[in-house]
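Accompanying notes for the structure given below.
Residue numbers (our numbering): 85 to 693.
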């Protein structure tokens, strides 16, 4: 199928709006976008990959797109709406690339009456990116019955009798009227969040919203009452908690099937953004199963603010399909909600065999996305990766990098290039300030992220380093954008980041105004590095001493155990046993003495392990 695709169903010929997943006959209207010829030029491939990634999922991420563009016949997107496919084709055509649209072949054909299909395959593993949502199409009971009858004819099944009508979508005002009385605001000290009733006195919310068990919090109900709430149970990895509000006597909200959601479906959520209690928001599904730290979220297009956390995400029938959990940083109007199915660990969530199967498939896709993210992180950190360039008053520009080392790094010299409008400036840097990734993450509030990194072994040997960019030696344009990358020449580490030429100019001016102050700062950093080296050397000496002492004890313990076996078999080992017992006693005493001396010297416990 070529780029000029007739917008009609391939099975029955019915018109295709370009934004609908299925035809009235039940056939899939989704397509695959397949690259016709490889993009050979590296610069074109880089620019094209960036433009594609800006479309957002289901387009591939920047790194994935750049890899795919180098291969003829590579699938740039699978199972996408025609409308999205046309946008992708426009981006390709603008750079002189060509692609074909081909019918999307689904791995599973839905046969359940009024089924809306399985969730589409997840594309990409990076969470903090923009995305393009589908357009919601409201399905009337007549539409559902018609499609069910057509499916029955196509599969040779008997047409069922008059089915129960599918509830029509409710207006936002109606959803608010029904659900509002069952929501509440939770306050624990300076923290404010939202929640909703799943029992007459039981609330479901985010774990980061509630007070610790045993400490009471304030629960403000929609009718104006202020009651006390206490945490009953929590799951820190899922960021879920239940709260008991005695005397609430609220009507629980109905829990829905999150696996029925599709991109473009309308959503409503209620919360207390910025302390504005019981604010109603509208949104649409952007993606179902967005992987973040091994968990699949409902990504939705709406403005999420502090105070919305813990509130209900409601589908078009007023059923809770998720718990509003976080917003995507550095993106406008994108939020993530934890699917209500995860809450089955804390509360009763209704299921059917069909929904259980769909949920299982979604979790498998999320796990595959997580594995891809882990592998990509491991590959990316095999070489130095530029994280960011930050402006620091009085110093200029500081570049942060990530790199893997087999042993703790000290001073590391690296070469970088700053390029703008065809001009290149080569910079020689010495990275002296290194911090293990685990320490950097531990300083963040999101300890859950640290636990995920540790559980996947991603912090082993990974360090974050910083150095000042000596841009005072560069002669570049005054306005526009420059690109900074590690290495020298196009063959080394093609990853690069944008740097404002305005910031470069101001950094040069900072150096001109105060070169002596910047040099004094660099000398202080050198002294601190020497002190840090001495500390590391001292740590290594203590670790070595304890390692040798424990190894000596372990060696004699092993020999004692072996001699006892020999004695039981009748071998003459009495003399050697006495010698080993004496040696073991002496080795144990020496280890104990070393431990006492280390305590006196206030040696950190981790140095003694």
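In this text, a Cβ means the ideal position worked out from N, Cα and C, and glycines have one as well.
Only a predicted model underlies this, so the values are computations on that prediction, with no experimental measurement involved.
- Between residue 394 and residue 278, the C-beta spacing is below 8 Å.
- The shortest CA-to-CA distance from residue 552 to any of 566, 372, 361, 515 is the one to 515.
- A contact is defined here as three or more CB-CB pairs under 8 Å, and the region 360 to 370 fails this definition with respect to the region 450 to 458.
- Shown here, residue 383 sits in a strand according to DSSP, grouped into three states.
- In the displayed model, residue 179 falls within coil according to three-state DSSP, outside both helix and strand.
- Take residue 657, set aside five residues on each side of it, and the residues of its chain with a beta-carbon closer than 7 Å to its own are 647, 650, 651, in chain order.
- Taking residue 338 as the centre and dropping the five residues before and after it, the same chain places the C-beta of 403 closer than 6 Å to its C-beta, in chain order.
- Under the 10 Å beta carbon count, residue 156 is surrounded by fewer than 16 other beta carbons and is classified as exposed.
- In the DSSP annotation of this structure, the continuous segment of the beta strand (DSSP E) that includes residue 372 starts and ends at 363 to 376.
- Per DSSP, residue 358 lies in no beta strand (DSSP E) and is assigned neither H nor E.
- Shortest Cα-Cα distance from residue 477 to any of 280, 146, 605 involves 605.
- In the structure shown, residue 463 falls within a helical segment according to DSSP collapsed to helix, strand and coil.
- The C-alpha of residue 388 lies about 10 Å from the C-alpha of residue 358.
- In terms of Cα proximity to residue 316, the closest of 326, 330, 309, 407 is 326.
- By the CB criterion at 8 Å, residue 184 and residue 114 fall outside the cutoff.
- As the crow flies, the alpha-carbon of residue 580 is around 18 Å from that of residue 144.
- In the same chain as residue 564, and ignoring 5 residues on each side of it, the C-beta atoms closer than 8 Å to its own belong to 504, 505, 585, in chain order.
- Taken through DSSP and simplified to helix, strand or coil, residue 430 comes out as coil.
- Boundaries for residue 124: no alpha helix (DSSP H) harbours it, and the DSSP string shows neither H nor E there.
- Taking all protein chains in view, the Cβ of residue 523 is surrounded by fewer than 16 other Cβ atoms within 10 Å, so the residue is classified as exposed.
- Going by beta carbons, residue 562 and residue 589 fall inside the 8 Å limit.
- Partner residues in the beta bridge of residue 269, as assigned by DSSP, are 278, 304.
- With fewer than 16 other CB atoms across the displayed protein chains lying within 10 angstroms of its CB, residue 681 is exposed.
- Sequence-distant Cβ neighbours of residue 262 in its own chain, meaning closer than 6 Å and more than five residues away, are 402.
- Burial is judged here by how many other beta carbons sit within 10 angstroms of a residue's own beta carbon; residue 296 has fewer than 16 and is exposed.
- The C-beta of residue 487 has 16 or more other C-beta atoms within 10 Å across all chains shown, which makes the residue buried.
- For residue 669, the enclosing alpha helix (DSSP H) has its first and last residue at 658 to 684.
- Per DSSP, the continuous alpha helix (DSSP H) segment holding residue 263 begins and ends at 256 to 263.
- In terms of Cα proximity to residue 607, the closest of 662, 517, 539, 636 is 517.
- For the options 347, 422, 420, 343, the alpha carbon positioned closest to that of residue 445 is the one of 343.
- For residue 653, the secondary structure class from DSSP, reduced to helix, strand or coil, is coil.
- Excluding five sequence positions before and after residue 519, the CB atoms of its chain that fall closer than 7 Å to its own CB belong to 547, 548, given in chain order.
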